[in-house]
Structure formats: structure tokens, C-alpha cells
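Using numbering that gives the first Met the number 0, the first residue of the sequence shown is number 0, and each one after it goes up by one. C-beta: ideal position from N, C-alpha, C; glycine also. Computed from a predicted structure; not experimentally measured. What follows is a set of notes on a single structure, which appears directly below.
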Amino acid sequence: MTDLNDHEPKQFYFDAETEHCPHKPIPERHTDAWDEWMTLGHQPYDYGILCLSAPCGTGCPACSAEQGDMVPWSRCETRSHTRPLRSRTDAPQHRPVTAEVADLECLERECEEFFTDDGDEIPGKDTCSHVREMEICEACSDAPVGDGDPHPPVVAWADCPQRPAASV
């Protein structure tokens, strides 16, 4: 079983044998050419060699280990998500807003705190103790239009790529 604390974003890379690796051709192993090729940013892993010049996206290592394939960070089930932000008429801005965040299990009322010890739903209970307030980026944490996830992944204000540089 995976420790829930292992759920964090991590960059994943394509295998060097794919067309994404720019360092072709791959030389024969155990030669000087191989040693030189490995210094170009290649790293062994359980199933081959990764090319660190060929990123394939940010994933969740814990979910990926459970699923046997890369799980994008946005699909990590233990990642904090936000409740839908209040309706607004203007486009979302890259600015800090305070929102209630929690794991999907809590937002979808599947958390154990919504049920009695006998498994019956607790009437009138609308939140659990795992929901917390957090300063997030309004635009980066905006719910997608259409059939997207109604509880978008959270991007902390401190992690917003459009955040203005702090004044000194």
C-alpha cells in the first residue's frame, strides 16, 4: 500500500528508445560512446533508460506506481482540489483568492466522516474536518468549461507561474 504522503508532483520523462529522445542513435552498451551518451542526460530506471531532455509531463509517482503507468498530477486522487469558486461574470485573473480545498473523497461526500459507524449517511452534514481554507490562484485553479472535472486541481498562489515577482 502506498503512503499518502508520497503523492506529490514529479516530472516524468520519456524512455530514451522513443522518438522523443534527441540523442540518436543510441550507441552500443559498455563502450566509450555509451559512457559519453549517458552523460548527455540519460538515467537508468527499472525498464530502460530515461532521457532527461524529453519531459513527458508532471505526474504523481504514488498513483503511477499503483496504476503501473504514469498518472498525470491533475488526476491524482489525493491531490487537494477546490470546491467550485463563486460564479463571476469576468474572466478569471491570476490573483490570490481564498478557497476551501480538500481531497476529492471529501468534496464528493465519500469521506468516512459523512457516515456513522454502521455506514449510514449522517443527515445534514455538509462538510468534514479535512476541508481547509487555502490561498490559491484564481485562474490556474479555475474549473474547465464543459464536461471537465467540477472540482479542479488546486494551484497555490505561491506556485502560480503568472504571479508577479515579490517586491523587495
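Nearest-angstrom Cα distance between Tyr12 and Asp117?
46 Å
Glu18 versus Cys59: straight-line alpha-carbon distance, rounded
24 Å
At least 3 beta-carbon pairs within less than 8 Å: the region 94-106 vs the region 118-130
yes
State buried or exposed for Leu39, treating a residue as buried only when at least 16 other CB atoms are found within 10 Å of its CB.
exposed
In the DSSP assignment, find the alpha helix (DSSP H) that holds Gln66 and state where it starts and stops.
60-66
Identified DSSP bridge partners for Met37:
None; Met37 has no bridge partner.
Member of Ser140, Gly123, Arg162 whose CA lies at the smallest distance from the CA of Ala98:
Ser140
Got a sec? Which residues, its chain only, sit under 8 Å from Ala15 by beta carbon, not counting five neighbours each side?
His22, Ile25, His41, Gly47, Ile48, Leu49, Cys50, Ala53
Give the range of the alpha helix (DSSP H) segment to which Glu104 is assigned.
103-106
Going by beta carbon distance, what residues of the same chain come within less than 8 Å of Pro71, once the five residues before and after it are set aside?
Gly56, Thr57, Gly58, Cys59
Helix, strand or coil at Gly131 according to DSSP, with G and I counted as helix:
It should be noted that the sequence gives Arg, not Gly, for residue 131. Strand at Arg131.
Using 10 angstroms around the beta-carbon of Ile135, count the other beta-carbons present and answer buried if the total reaches 16, otherwise exposed.
buried
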